[in-house]
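Numbering (our numbering), first residue to last: 70 to 437. Below is one structure, written out as structure tokens; the observations come after it.
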Ligand code: SF4
């Protein structure tokens, strides 16, 4: 069933409510909006970069990344021309690297198909890699004031509460209701401003665990507040089930250099570089060391002598909780397996700074 034809589980507010809501929200935003670097211009490129970086990432984390990124690539054309490794290096530490690779591909598509100008047409924007309904709505409304709705974590929570909708917001009925609300609430002009105000209110006032209802400009219009349900809506998501695993990485040395391998397409950290790293099955330390030496031999063609353990790093990647043992290794013999489909390079430690690595890879590089 399409989103449009899904019946709404509850009625949407009338025009008078919506007008009051917009007025209160925009008045509040005029005095409370944070001064963020991407809000200082309506350049669609800058709006786009910020929206992609802000997915799953806090504003305070994004700010320095955004500034560095637009300094290095001030335009769509500059990004399109860049080497992917450089794009990933500037993204390093933000995580979800697929976002950076897709943005780079999208910049190339904009240059090839739209003469380097960000398209204004919704379908053309949606056809770009990595741009979904929310991101397209945010860019088009903020940069061009197009009448496009947005729905993301902050506005989902805000709308659920003002409507007192306690159903699952990500199920089809919830989505139909919330997108319909996001559309209906839009004004004729200043659409981008309203969308930004909605996100700001959700992020700064209608917070996840501690909604600041006493300071909220739409308190008088909020149905959850009226019923005293603000801390029960929306329903909490089920807790994720973690999977625990053991991995090992080796810093293999040969003639003052260390070995790096590029991560394969389709997997974790695709496009980044890494020290040889493997998931281990063996239970005890002796067997794990033997397993690791064998993994290295099969993948790289090198025979190594495994040295001491340099570090143990505990980290999380999506649903995995990983214990990573980092070892020293000395190359004894063998030639790099050039037929292998993953590029491998011997690099001097000073060169590692130019290569994009995962957060744990960067920690390990400091021991090289
Ligand atoms: S009154 Fe409270 S629950 Fe309602 S929108 Fe404002 S902060 Fe959120």
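Glycine is no exception: its CB is placed at the ideal position from the N, C-alpha and C atoms.
Which residue or residues does DSSP assign as beta-bridge partners of residue i?
| i | result |
| --- | --- |
| residue 283 | Answer is none; residue 283 lacks a bridge partner. |
| residue 395 | 318, 380 |
| residue 385 | 390 |
| residue 313 | 390 |
| residue 348 | 316 |
Buried or exposed: residue i, going by 16 or more other Cβ atoms within 10 Å of its Cβ?
| i | result |
| --- | --- |
| residue 114 | buried |
| residue 79 | exposed |
| residue 83 | exposed |
| residue 385 | exposed |
| residue 359 | exposed |
| residue 281 | exposed |
| residue 404 | exposed |
| residue 353 | exposed |
| residue 205 | buried |
| residue 165 | exposed |
| residue 70 | Residue placement at residue 70 is poorly supported in this model, since its pLDDT is 38, which falls under 50; the coordinates are not used for a value here. |
So which of the options has the shortest CA-CA distance to residue i?
| i | options | result |
| --- | --- | --- |
| residue 147 | 173, 126, 134, 123 | 173 |
| residue 247 | 256, 149, 234 | 234 |
| residue 250 | 220, 274, 258, 269 | 220 |
| residue 349 | 319, 340, 228 | 319 |
| residue 268 | 398, 89, 139, 103 | 103 |
| residue 212 | 353, 232, 191 | 191 |
| residue 307 | 299, 237, 336 | 237 |
| residue 169 | 185, 182, 152 | 152 |
| residue 371 | 361, 357, 400, 394 | 400 |
| residue 274 | 295, 261, 224, 188 | 224 |
| residue 199 | 120, 156, 239 | 120 |
| residue 330 | 296, 255, 285, 421 | 421 |
| residue 187 | 255, 341, 111, 141 | 111 |
Between which two residues does the beta strand (DSSP E) containing residue i stretch?
| i | result |
| --- | --- |
| residue 331 | 326–331 |
| residue 117 | Taken as a continuous stretch (DSSP letters only), residue 117 belongs to no beta strand (DSSP E), being part of the alpha helix (DSSP H) at 113–123. |
| residue 169 | Per DSSP, residue 169 belongs to no beta strand (DSSP E); it is in the alpha helix (DSSP H), 167–183. |
| residue 456 | Because the chain in this structure spans residues 70 to 437, residue 456 falls outside the shown range and cannot be described. |
Since residue i is in the alpha helix (DSSP H), which residue starts that stretch and which ends it?
| i | result |
| --- | --- |
| residue 366 | 354–369 |
| residue 89 | 84–101 |
| residue 150 | 145–150 |
Check your reading: residues with Cβ closer than 6 Å to ligand 1 heavy atoms:
My final list is 227, 230, 231, 274, 275, 280, 281, 282, 285, 287, 288, 291, 293, 294, 299.
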